[in-house]
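From first to last, the protein sequence lines stand for chains A and B.
The opening position of the first sequence corresponds to residue 7 in our numbering, with each subsequent residue numbered one higher.
The opening position of the second sequence corresponds to residue 7 in our numbering, with each subsequent residue numbered one higher.
There are 2 protein chains.
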Amino acid sequence: MVWLRLDGAQAATDQLAQLYQSLGEVRVIVLADQPDGDEALSLFSAGVRGYCNAHATAASLRQIAGVIEAGGLWIGESLMKRLVVSTRAAISRLPVARLPLGPVSGEGSPMSALTKREVEVARAVASGASNKEVARQCGITERTVKAHVGSVFQKLKARDRLHLALMLNGQRPS
Amino acid sequence: MVWLRLDGAQAATDQLAQLYQSLGEVRVIVLADQPDGDEALSLFSAGVRGYCNAHATAASLRQIAGVIEAGGLWIGESLMKRLVVSTRAAISRLPVARLPLGPVSGEGSPMSALTKREVEVARAVASGASNKEVARQCGITERTVKAHVGSVFQKLKARDRLHLALMLNGQRPS
DNA sequence: ACCGCCATTGGACCAAAGGACAATACCGGG
DNA sequence: CCCGGTATTGTCCTTTGGTCCAATGGCGGT
Chain A
7 MVWLRLDGAQ AATDQLAQLY QSLGEVRVIV LADQPDGDEA LSLFSAGVRG YCNAHATAAS
67 LRQIAGVIEA GGLWIGESLM KRLVVSTRAA ISRLPVARLP LGPVSGEGSP MSALTKREVE
127 VARAVASGAS NKEVARQCGI TERTVKAHVG SVFQKLKARD RLHLALMLNG QRPS
Chain B
7 MVWLRLDGAQ AATDQLAQLY QSLGEVRVIV LADQPDGDEA LSLFSAGVRG YCNAHATAAS
67 LRQIAGVIEA GGLWIGESLM KRLVVSTRAA ISRLPVARLP LGPVSGEGSP MSALTKREVE
127 VARAVASGAS NKEVARQCGI TERTVKAHVG SVFQKLKARD RLHLALMLNG QRPS
């Protein structure tokens, strides 16, 4: 694991090339002050293994380090979306099987199934959109967005949009 | 990759044991409707490879699948914190070196360094705490929390607490 | 036809979040 | 000693976020 600081005056990719030359086999994770999709892309094609916000939590960094240690890449959610096209192939190559186990009796819980609209709204909110923005991109009133959001909160037992975001991103609010 | 539905009436661990018996070499990721740390722990000791919210984004799930494919575990931020004690050893075993590269000239950017207090507040906020809660757990006024939060927003160019959360968790808001 | 679920929207209302402008106090360095 | 950065708190005000009660229209199943 290497910690270094890029010289702002020189192209990052050049410095990386230089680094790879002098050190040979290294795995680089770039921590950016102001993450940018395009920068990330060029860095990845320059051989970088991970790219995330410079202010990420220690826990996040450990997690990232773990992933890269295991031979993976860490690209973050948004960039992930931009890369889906090129990676979908690799992902869909995974063998998938479905095993219904038991009569799906359990169910029990408080019926947490979200409707299509609710899922749509929930995802938007979880990615940082305001009610107004969600309203615009869904072509509905902000009032209606609130209705859906509220219903999502109930079903998922989230107390506010931030907790919802944490949940939908594979984490759990404290 | 296996998709199945646990029978609510039977202990999850029992069903897992059964599953492992019938399928042998499988990697299980549990998607919980209401994630719970203790449940997660018992599931992990039962051999589960991943544990996250059942409503996680498709992108998140792909990411998780990737990590597990690479031989890793996916435990999520909060549980991670609970496990730090037991995993710290493994993590600190990673070789670490520091290479100052260049005269740290760049710097340039708009001075993004957060103060200790700001980091403390930012982390709390990013984990889902309200201003009031942060105030309580820091022993300061809610007003002061707002001051710090505001300053963090400026330095990190986050437009609101949700975006801040997304940033601090290794992602990037859309 | 009636019922339940979904999507939609309205209005009112209250709490939380953020921004604007400003003040006080501590601390370390030139 | 004065200056700058940090920490703290204040008030005022605007914008968002969330909840409650209520209503309308569509759709599929009994």
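Don't be surprised by glycine CBs; every beta carbon is placed ideally from N, CA and C.
query: If we ignore side chains and look at the alpha-carbon of each, how far apart do A:Val36 and B:Gly56 end up?; result: 26 Å
query: Touch check for the stretch 157 to 175 of chain A and the stretch 151 to 164 of chain B: three-plus C-beta pairs under 8 Å?; result: no
query: Provide the residue(s) that pair with B:Val36 in DSSP beta bridges, ordered along the chain.; result: B:Tyr57
query: Quick one: what's got a C-beta closer than 8 Å to B:Ser66's C-beta in the same chain, skipping five residues either side?; result: Cys58
query: With respect to the alpha helix (DSSP H) encompassing B:Leu172, which residues constitute its N-terminal and C-terminal limits?; result: Arg167 to Leu174
query: Might you give, ordered along the chain, the residues of its own chain that have their beta carbon closer than 6 Å to the beta carbon of A:Lys138, omitting 5 neighbours on each side?; result: Glu148
query: Check whether the Cβ atoms of A:Leu120 and A:Ala128 sit closer than 8 Å, and answer yes or no.; result: yes
query: Considering only C-alpha positions, which residue in the set B:Cys144, B:Ile70 and B:Asp166 is nearest to A:Ala135?; result: B:Asp166
query: Buried or exposed: which applies to B:Ser28, given that a residue is buried once 16 or more other Cβ atoms fall within 10 Å of its Cβ?; result: exposed
query: Chain B beta carbons: is any one of them nearer than 8 Å to that of A:Asn175?; result: yes
query: Residues of chain B with a CB under 8 Å from the CB of A:Arg129: which are they?; result: Thr63
query: So, helix, strand or coil for A:Thr121, using DSSP?; result: coil
query: Could you list which residues in chain B have their beta carbon closer than 8 Å to that of A:Leu49, in chain order?; result: Correct list: empty, because the minimum Cβ distance to chain B is about 14 Å.
query: Find the nearest neighbour of B:Leu49 within the set B:Ala71, B:Thr150 and B:Arg33, judged by alpha-carbon distance.; result: B:Arg33
query: Measuring alpha carbon to alpha carbon, tell me which residue in B:Ala132, B:Arg68 and B:Ile70 is nearest A:Thr63.; result: B:Ala132
query: I want to verify the contact list: residues of chain B whose CB lies under 7 Å from the CB of A:Leu162, in sequence order.; result: His61
query: Give the range of the alpha helix (DSSP H) segment to which B:Ser157 is assigned.; result: Glu148 to Leu162
query: Against chain A, does B:Leu22 count as a neighbour if the rule is that its beta carbon must be under 8 Å from one of theirs?; result: no
query: Could you pull the start and end residues of the alpha helix (DSSP H) that B:Ala141 belongs to?; result: Asn137 to Cys144
query: Taking DSSP as the reference, what is the three-state secondary structure of B:Ser28?; result: helix
query: Can you tell me which of the three DSSP states A:Ala23 falls into?; result: helix
query: Could you give the distance in angstroms between the alpha-carbon of B:Gln24 and the alpha-carbon of B:Ala153?; result: 55 Å
query: Check whether the Cβ atoms of A:Leu174 and B:Leu168 sit closer than 8 Å, and answer yes or no.; result: no
query: Do you know whose CA, among A:Cys144, A:Glu126 and A:Arg68, lies nearest A:Ser157's CA?; result: A:Glu126
query: Rounded to a whole number of angstroms, what is the C-alpha to C-alpha distance between B:Thr19 and B:Gly145?; result: 42 Å
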